[in-house]
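FYI, in my numbering the residues of the sequence shown are 2 to 770.
By construction, the Cβ of each residue, glycine as well, lies at the ideal position given by its N, Cα and C atoms.
Nothing here was measured: the structure is a model prediction, and the numbers come from that model.
These notes concern the structure reproduced below.
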Amino acid sequence: MTGPSRARRLKIEIRGAVQGVGFRPFVYRLATGLGLSGWVLNDIRGVFLEVEGDPERLIAFRDRLRTEAPPQARIQDLAESWLDPAGYEGFQIRTSEATGTKTVLVLPDIATCRECLDEVLDPGDRRFRYPFANCTNCGPRFTILRDLPYDRPNTTMRTFALCRECRDEYENPLDRRFHAQPTACPACGPQVAAWGRSGEVLARSEEALELAADALLRGDVLACKGLGGFHLMCDARNEVAVGRLRVRKAREDKPFALMVRDLAAARSLAEISPAAAALLESAEAPIVLLPRLGNEAVARAVAPGKPELGLMLPATPLHHLLLRAVDVPLVATSGNLSEEPICTDERDALSRLSGLADAFLVHDRPIERHADDSVVRIAAGAPRVLRRARGYAPLPVAVAEELPVILAVGAHMKTAVALSIGRQVFLSQHIGDLETPEAMNAFRRVIADFLRLYETRPALVVHDLHPAYPSTSWAVEWAAEHGVPTFAVQHHHAHLASCLAENATPAPALGVTWDGTGYGTDGTVWGGEFLVGDAGGFARFAHLRPFRLPGGEAAVREPRRAALAVLFEVFGGDALSREDLPPVRAFSPNERTLLAQMLETGLNAPLTTSAGRLFDAVAALLGLSQQTRYEGQAAMALEAAADPREDGAWPFPLAPREGAPALLDWGPLLHALLEDLGHRVNAGRLAARFHNSLVDGIVRTAEAAGEAHVALTGGCFQNRLLLERAAARLSALGFRVLLHREVPPNDGGISLGQVLAGARHLKHLHRIA
Ligand SMILES: [Zn+2]
Ligand SMILES: [Zn+2]
Ligand SMILES: [Zn+2]
């Protein structure tokens, strides 16, 4: 039997990343295609719709809603209820309502889709060579959003009035640009301009692009305004240009990322696996760290001595056009001085980058908030995000239970903040190291932005246990001012909680939390920790043998100091006269005397169990690195040097202790290392033996701890060799290994763990009360 008497009404509420991805037009097409009537609506909590008609068709509608959803949509939750028909006629897309709690997901920026790129490259299309073409499947989102819900008046596109043709597309439910909020065309949208060093307009539109391309090919440095900020660009083949950029940016060694025009260009520079190709071409379009071919045509200064190149493909039509115009790989590094936050505004860029760039390629679409390029490496069979920014932020991590609103401010390096609302923890874009006033400004701006965007007030502010971190001071002051309680979380405990949260594992686990620095509960510098616990608490099961680090933080950029320190710890003062060892030779006799005094008295030589510093010490002993420009550089050199065929290892015993954490003792490892050095075993084999020894130590400790789950977290697990070998050995022994994927293992992921630890703290307080 058919007819109106059988008709039913289906009401559906969808939560998740469903705004700005063409979800409503998709619903419209699906409903009208099935002959159903009703309406669909975006509001600040998600997408709501009602459809009515034949029940079988309603069921088909509901099923296809999930299976045929637009590519960028992420449905987190779909609630349905069946009602009597309301007698709707036709299908309507209703205007947004701004009521209720703001829980809708803010989407990250999405790289240009194939269809838009085809239009931009098609001389017959009205968007031919237009740098700002986009549609509901691609384009800016997070970086243009001023307020929720995501509608054009709430974006930085609000000042560009749609022309008639664009409006027709925008209002046509069957068009790819139906309700594409940032949609634009050459007639009505943003325009590019080329500026000279003092901001004088040199050219506009097409001519500006030509001028920028010419400048690049001439060897100039170009400051180019992109999606989430400025890039500094230059011809990657040009040794002089790259060298000049290094000098101007005060960046001597750290590798530069490259932007190439397409996958074919990427293949001429690096080994591209199918997984890497998919990642390069993904909507996130991150920088992917890839094994370089070795004979590639890029300047030596791009990534001196590095086995990998960081490559990315253009993420906007502007970058596609620029890369096609130059047809060479371009260095594309954040538009900033050294480690400062990225520039987003052209007037600001003019003052901050004028000494760095020879020309500017700018445009008049404002950037509402910064987003650096994300960095991803493929390790242990999956992409691992190392820097989480454009394309990923601010997507949340979903958690099992409803959380109070908690703000977590991270630690000190690679800072990102986190905010929990309901069952979601929103992670901010990468902010950076909080070492400069500019970085602190960016930090405060991101927090204010998050609280404003989600219109919420935290019930708790969580910070690192380190009393002297600027993030800690900020949290304490802000909380006092706003009458909100604070909670301090030990650094490595936060790493562990972060890894557990990302893997949705509530069970206690052994957290192998290895990094450079984290303030311990005993006031010493931790960093080679084995913690057993969960978000609610931990016990320090074991740690690396401690040693005194002369000069404390100063030693972070001097691996030779860490080497002297471990030598002193095992062999005493005599070791400091071993001229046969590179790190000893790297100091003058006077310096050695001074360091020996520091080590003997312990004055300005804090105790540490840092795994990062142990990497430094070994890199220095192998003669790979005595002084560095940035943290982790020596460890990267050690990883790069390691010969993957070598499977030997040095003794690295675990010593249980009464009433104290077990000690993983690198003393015997050091003895064996020096012996091998004496036998002139090559550095590649030694570097591999060191990694293998660490893996043995991890496995030994996991067996002693006896926890079924083992989390590998902390900055040291950015090291692919260590991560892959440890994960493989542990898995083979039946452990369930927890690794990070979309949340960085380094301090960029720490705020997620801080939120979860804070939530458990609040719950505990409530139980007591
Ligand atoms: Zn598109
Ligand atoms: Zn237009
Ligand atoms: Zn850390």
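For residue j and residue i, the rounded distance between their alpha carbons
| i | j | result |
| --- | --- | --- |
| residue 471 | residue 248 | 29 Å |
| residue 527 | residue 510 | 19 Å |
| residue 369 | residue 503 | 28 Å |
| residue 230 | residue 334 | 11 Å |
| residue 474 | residue 480 | 10 Å |
| residue 415 | residue 137 | 32 Å |
| residue 205 | residue 93 | 41 Å |
| residue 671 | residue 417 | 36 Å |
| residue 5 | residue 87 | Confidence is the limiting factor: at residue 5 the pLDDT is only 49, short of 50, which leaves the residue's position unreliable and the question unanswerable from this model. |
| residue 539 | residue 519 | 15 Å |
| residue 739 | residue 378 | 17 Å |
| residue 158 | residue 228 | 13 Å |
| residue 1 | residue 498 | In the structure as shown, the chain begins at 2 and stops at 770. Residue 1 is therefore absent and cannot be evaluated. |
| residue 482 | residue 246 | 43 Å |
| residue 668 | residue 602 | 21 Å |
| residue 719 | residue 587 | 28 Å |
| residue 139 | residue 387 | 24 Å |
| residue 178 | residue 135 | 8 Å |
| residue 37 | residue 48 | 18 Å |
| residue 403 | residue 424 | 5 Å |
| residue 633 | residue 434 | 14 Å |
| residue 600 | residue 679 | 25 Å |
| residue 260 | residue 211 | 18 Å |
| residue 302 | residue 422 | 45 Å |
When the options are compared against residue i, the one with the closest alpha-carbon
| i | options | result |
| --- | --- | --- |
| residue 621 | 223, 638 and 152 | 638 |
| residue 463 | 260, 587, 536 and 408 | 408 |
| residue 80 | 196, 419, 631 and 63 | 63 |
| residue 309 | 590, 294 and 606 | 294 |
| residue 611 | 629, 521 and 645 | 521 |
| residue 42 | 323, 151 and 121 | 151 |
| residue 564 | 171, 626, 75 and 718 | 626 |
| residue 141 | 322, 284, 291 and 12 | 284 |
| residue 14 | 28, 668, 199 and 575 | 28 |
| residue 173 | 226, 23, 505 and 737 | 23 |
| residue 154 | 180, 169, 675 and 134 | 180 |
| residue 113 | 107, 380, 649 and 184 | 184 |
| residue 143 | 109, 120 and 353 | 109 |
| residue 311 | 281, 754 and 317 | 281 |
| residue 394 | 500, 269 and 420 | 420 |
| residue 8 | 70, 60, 592 and 301 | 60 |
| residue 598 | 549, 632, 629 and 634 | 549 |
| residue 490 | 753, 267 and 162 | 753 |
| residue 337 | 188, 440 and 515 | 440 |
Simplified DSSP assignment, three categories, for residue i
| i | result |
| --- | --- |
| residue 651 | coil |
| residue 222 | coil |
| residue 43 | strand |
| residue 630 | coil |
| residue 309 | strand |
| residue 171 | helix |
| residue 719 | helix |
| residue 397 | strand |
| residue 191 | coil |
| residue 1 | The structure shown does not extend to residue 1, since the chain spans only 2 to 770, so no value can be given for it. |
| residue 1 | Outside the displayed span of the chain (2 to 770) sits residue 1, for which this structure offers no information. |
| residue 250 | helix |
| residue 72 | coil |
| residue 662 | strand |
| residue 83 | strand |
| residue 500 | helix |
| residue 260 | strand |
| residue 516 | strand |
Beta-carbon contacts of residue i that lie in its chain and below 7 Å, excluding the five residues immediately before and after
| i | result |
| --- | --- |
| residue 307 | 256 and 641 |
| residue 662 | 541, 542, 543 and 544 |
| residue 72 | 138 |
Residues near residue i by beta carbon distance below 6 Å, same chain, minus five either side
| i | result |
| --- | --- |
| residue 692 | 643, 722 and 723 |
| residue 3 | Here residue 3 scores only 44 on pLDDT, less than 50, and its place in the model is too uncertain to base an answer on. |
Heavy atom of ligand 4 within 6 Å of residue i beta-carbon
| i | result |
| --- | --- |
| residue 512 | Inclusion of ligand 4 in the displayed structure is not the case, the ligand content consisting of ligand 1, ligand 2 and ligand 3 alone. |
Residues near residue i in its chain [Cβ-Cβ closer than 8 Å; skip 5 each side]
| i | result |
| --- | --- |
| residue 90 | 38 |
| residue 316 | 110, 112, 113, 227, 228, 286, 391 and 392 |
Residue list, Cβ distance to ligand 1 heavy atoms smaller than 5 Å | Going by the Cβ distance cut-off, the answer is 114, 117, 136, 138 and 139.
So which residues put a beta carbon under 7 Å from any heavy atom of ligand 2, going in chain order?
-> Having a Cβ closer than 7 Å to some heavy atom of ligand 2 are 163, 164, 166, 167, 185, 186, 188, 189 and 190.
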